[in-house]
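The UniProt record's numbering applies: residue 1 is where the sequence shown begins, and numbers increase by one.
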Amino acid sequence: MPPRIPQAKRLKIIGMSMSGLAQKKIAQETGVAKASVGRIIRAYRDEARIADAPRCLTKKTTEEEDLQIVSCVCHNPFITAGEIRAVLGINISNELIRQRLREPGIRNRIAAQKPLLSDNARAKRLVFAQEHLQ
Numbered sequence: 001m002p003p004r005i006p007q008a009k010r011l012k013i014i015g016m017s018m019s020g021l022a023q024k025k026i027a028q029e030t031g032v033a034k035a036s037v038g039r040i041i042r043a044y045r046d047e048a049r050i051a052d053a054p055r056c057l058t059k060k061t062t063e064e065e066d067l068q069i070v071s072c073v074c075h076n077p078f079i080t081a082g083e084i085r086a087v088l089g090i091n092i093s094n095e096l097i098r099q100r101l102r103e104p105g106i107r108n109r110i111a112a113q114k115p116l117l118s119d120n121a122r123a124k125r126l127v128f129a130q131e132h133l134q
């Protein structure tokens, strides 16, 4: 995502446009892309807006659902995102569940798979332990 253009630079672009400079010249002098200069000027002319357009994305989960997701993981750290979705009965993606867990700092990990001891290895361990008791 490109960096936001600061308010001061936007005001400078609008001022240069009002004084009659061409968009290409404004873009060269300010170091902002010509398309961005045109967008800033158009927003000021049409909507009298200098700042960025408001972003109005609504979250798919409520604060309560976010807390329930975190609570599930605190009670059972080995639960998967799909199991969380099934337990809570919410219709969101596994990736969104992982995002909601990353917000409070909970990272997803895969549990280590420890190999089971065979009877032979168990017997050898017992002999070793008995030899090294003292």
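Every residue gets a Cβ at the ideal spot worked out from N, C-alpha and C, and that includes glycine. These figures come from a predicted structure and were not determined experimentally.
Under the assumption that residue i contacts residue j (Cβ atoms under 8 Å), give the Cβ distance between them as a whole number of angstroms.
| i | j | result |
| --- | --- | --- |
| Leu-88 | Cys-72 | 7 Å |
| Leu-96 | Lys-60 | 6 Å |
Just tell me which of the options has its CA closest to the CA of residue i.
| i | options | result |
| --- | --- | --- |
| Asp-66 | Gln-130, Val-32 and Ile-106 | Ile-106 |
| Arg-77 | Arg-98, Glu-64, Leu-57 and Arg-125 | Per the sequence shown, the amino acid found at residue 77 is Pro instead of Arg. It is Arg-98 whose Cα lies nearest to the Cα of Pro-77. |
| Lys-24 | Met-16, Lys-34 and Thr-30 | Lys-34 |
| Glu-64 | Ala-48, Ala-86 and Ile-90 | Ile-90 |
| Thr-62 | Ile-92, Ala-48 and Arg-55 | Ile-92 |
| Pro-3 | Asp-52, Glu-131, Leu-57 and Leu-133 | Asp-52 |
| Asp-119 | Gln-113, Val-127 and Met-18 | Val-127 |
Tell me whether the beta-carbon of residue i lies closer than 8 Å to the beta-carbon of residue j.
| i | j | result |
| --- | --- | --- |
| Ile-5 | Ile-26 | no |
| residue 142 | Leu-101 | With the chain running from 1 to 134 in the structure shown, residue 142 is simply not present. |
| Gln-7 | Ile-50 | yes |
| Val-32 | Lys-9 | yes |
Just to confirm, does residue i get its C-beta within under 7 Å of one of the non-hydrogen atoms of the ligand FAD?
| i | result |
| --- | --- |
| Arg-100 | Judged by which ligands are present, the structure shown has none, so any question about the ligand FAD falls away. |
How do the region 81-95 and the region 36-48 stand: do at least 3 beta-carbon pairs fall below 8 Å, yes or no?
Taking 8 Å as the limit for Cβ pairs, the verdict is that the region 36-48 does not touch the region 81-95.
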